[in-house]
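Q: Below is a structure I'd like to ask you about.
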Amino acid sequence: MTAQEIRQAFLNFFKEKQHHIVPSAPIVVKNDPTLMFTNAGMNQFKDLFLGESPIKYPRVVDTQRCLRVSGKHNDLEEVGIDTYHHTMFEMLGNWSFGDYFKKDAIDWSWELLTEVYKIPKEKIYVTYFEGDEKEGLEKDQEAYDFWKQYVDESHILPGNKKDNFWEMGDTGPCGPCSEIHVDCRTNKEKALVDGATLVNADHPQVIEIWNNVFMQFNRLKDGSLQSLPAKHVDTGMGFERLVRVLQEKTSNYDTDIFQPMIQFISEKSGIKYGADEKTDIAMRVMADHIRAISFVIADGQLPSNNKAGYVIRRILRRAVRYAYTFLNFKEPFLNQLVPLLAEQFKGVFDELLSQKDFVQKVVLEEEVSFLRTLEKGIKIFEEYVSNAKAMMHPEIFTEVNSQVAFELSDTFGFPIDLTELMAKEKGLKVDLIGYEQALKGQKDKSRAATAIDTGDWVIVNSDEQSEFVGYDDLEIETEILKYRKV
Ligand code: ATP
Ligand code: MG
Ligand code: MG
Ligand code: MG
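If you're matching positions, the sequence shown starts at 652 in my numbering and goes up one per residue.
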């Protein structure tokens, strides 16, 4: 099956089960202080779950474009290094708003995966919530029993609160969830490891594809749980991972979702995909990042020096630098991938096709502007590293000086995480504390100079792992540092 057919089969399957097909919400979230980008299918239905807006259709199905580069879900560092975390990805979802519950959700997941998609049953593993005595949460025996009808008990695995209990926030709807993993290891790979605990990244070829959340409680302010009068189902399946499994590939990038772009990059760079790990990573990063960049711009957010705009500028600069350093693209190139993408998403997310020229132009301008300073910045960095290496014993020279990091960001527009990435490639860290102080010093100076208070950043995603992802332009990098220390 092609990716197109796989997506369509998902929508059709649930349509036949009386689900109403709804469009994806934009990837950029406006006017929600708790969220900058859509990071899951459920975001657009939040008010429904909270009972704050009326339920028009009790059963809904969609594919939602998501971005996980900030806040609670930040997969950026994995992207390109592993082959199944993307910045932008599609989340296929079916929803019940106070309608069907665990039995139907589990029956239909199984039917879809094994009868429509024909995934061999013995490759499937599922998880259920094991309970948490301390929190007074019971084991999800119901889910276990429904799965037992189909799945051998050795393939039904318990999961803890972290992985198998979903909460919207400190208060509000919550409940146990049940994940589906597919074991794509070869027999040879299987022979190498014990197969008993096979979930969640124990092996890169055992892949989590689908999460079924059963919202059955409401967490009150005092921390207690109340049974919800109307129970809901919220599911999310990673489309690119599903396609990888069905097309029997060992990497999402080998599917027909990414191959056209990878081949184009390979052709234009004159470097074969598969030739070398470093150039492969660079190609994967480019193919991945251009999707995030394009959709964010198409959904109305331009690159800029603050908030969501800076998040996307960082991703773009990261991609430009990979292209420049590893694939020898010294001229703007990323923007040429935009028409390919627009064509690919025709009929799915037409937003990109209708704004293709605009998006391409914005990316081009960003590339031109960063390429102006990139070469010089890299040169300064390289010179600094080789001088320091010549002068210092390797055991002493472990960190890039904060002044260098500061100069790279201040004068050459290198986001701090890019400097960190370059340092990592040389086996070095960056003196982040010193960098933070340098930034603060600059900020104090500029505050004193202008006597204007610029400290109006917004705190988003205020759950317990609270990260800051909203900032004004002076504070942004400091905030990223704070996030990274969590
Ligand atoms: P993982 O453990 O692999 O990071 P997750 O548990 O964080 O995934 P969920 O929040 O449960 O993911 O999201 C539902 C589904 O979306 C996952 O089962 C997976 O198939 C897919 N998914 C999640 N994050 C990504 C990503 N960064 N890129 C591609 N697909 C993803
Ligand atoms: Mg994750
Ligand atoms: Mg997971
Ligand atoms: Mg999950």
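Quick reminder that beta carbons are idealized off the backbone N, C-alpha and C, glycines included. Keep in mind that this is a model prediction, so the values were computed, not measured.
Could you check whether L992 and I941 sit closer than 8 Å to each other, using their CB atoms as the reference points?
A: yes
Q: Using the rule of at least 16 other Cβ atoms within 10 Å of the residue's Cβ for burial, across every protein chain shown, is L764 buried or exposed?
A: buried
Q: Taking only three categories from DSSP, how would you classify T653?
A: DSSP, reduced to helix, strand and coil, places T653 outside both helices and strands of the structure shown, so it counts as coil.
Q: DSSP three-state label for S920, please.
A: helix
Q: Give the single residue among K723, W746, R719, T714 whose Cα lies nearest to the Cα of I1138.
A: Here the chain comprises residues numbered 652 to 1137, so residue 1138 is not present and cannot be evaluated.
Q: Would I1047 be called buried (16 or more neighbouring beta carbons within 10 Å of its own) or exposed?
A: Exposed is the call here.
Q: Buried or exposed: where does N838 fall if 16 or more other Cβ atoms within 10 Å of its Cβ makes it buried?
A: If you draw a 10 Å sphere on the C-beta of N838, you find fewer than 16 other C-beta atoms in it, and that means exposed.
Q: Taking buried to mean at least 16 other C-beta atoms within 10 Å of its own C-beta, is K799 buried or exposed?
A: exposed
Q: DSSP on G1028, reduced to helix/strand/coil?
A: helix
Q: Among the candidates Q655, F700, R719, whose CA atom is the shortest distance from the CA of R710?
A: Closest option to R710, Cα to Cα, is F700.
Q: Which partner residues does L876 have in the DSSP bridge list?
A: R870
Q: Exposed or buried, which one is E859 when buried takes at least 16 other CB atoms within 10 Å?
A: buried
Q: Just tell me which of L1079, H1044, D803 has its CA closest to the CA of E772.
A: The displayed chain sequence assigns Lys, not Glu, to residue 772. Each of L1079, H1044, D803 was checked against the Cα of K772, and the nearest Cα belongs to D803.
Q: Does at least one heavy atom of ligand 4 sit under 7 Å from the Cβ of N862?
A: yes
Q: Within the continuous beta strand (DSSP E) that includes S1157, where are the two ends?
A: The question about residue 1157 has no answer here: the residues shown for the chain are numbered 652 through 1137.
Q: E818: which of M866, I831, T778, Q856 sits nearest, CA to CA?
A: M866
Q: Between the C-alpha atoms of A1102 and P824, what's the straight-line distance to the nearest angstrom?
A: Low local confidence applies: a pLDDT of 44 at A1102 is under 50, so the model's placement there is unreliable, and no value is given.
Q: The beta strand (DSSP E) spanning Y776 covers which residue range?
A: 775 to 780
Q: Leaving out five residues on either side along the sequence, give the residues of the same chain with a beta carbon under 6 Å from the beta carbon of L788.
A: G782
Q: Would the stretch 911 to 924 count as touching the stretch 954 to 964 if we require 3 or more Cβ pairs under 8 Å?
A: no
Q: Could you give the C-beta distance for T822 and K872, rounded to a whole number, given that I count them as a contact under 8 Å?
A: Between T822 and K872 a beta carbon distance of about 6 Å is seen, short of the 8 Å cut, so the two are scored as contacting.
Q: Spatial neighbours of Q877 within its chain, please: C-beta separation below 7 Å, excluding the five flanking residues on both sides.
A: F868, N869, L871
Q: Of all the options I672, Q659, L727, which has the alpha carbon lying nearest to the alpha carbon of A970?
A: L727
Q: H736 by DSSP, collapsed to three states: which one?
A: coil
Q: Which same chain residues end up closer than 7 Å to D1114 when comparing Cβ atoms and leaving out the 5 residues on each side of it in sequence?
A: Bear in mind that a pLDDT of 37 at D1114, under 50, signals an unreliable position, so the model cannot answer this.
Q: Provide the residue(s) that pair with D713 in DSSP beta bridges, ordered along the chain.
A: For D713, which the question treats as bridged, DSSP gives the partners G744.
Q: For K919, tell me which candidate among N862, L985, I944 has the shortest Cα-Cα distance.
A: L985
Q: Can you have a look at I908 and say buried or exposed, based on whether 16 or more other CB atoms are within 10 angstroms of its CB?
A: buried
Q: Could you round the C-beta distance between S704 and D698 to whole angstroms and report it? I think they count as a contact, below 8 Å.
A: 4 Å
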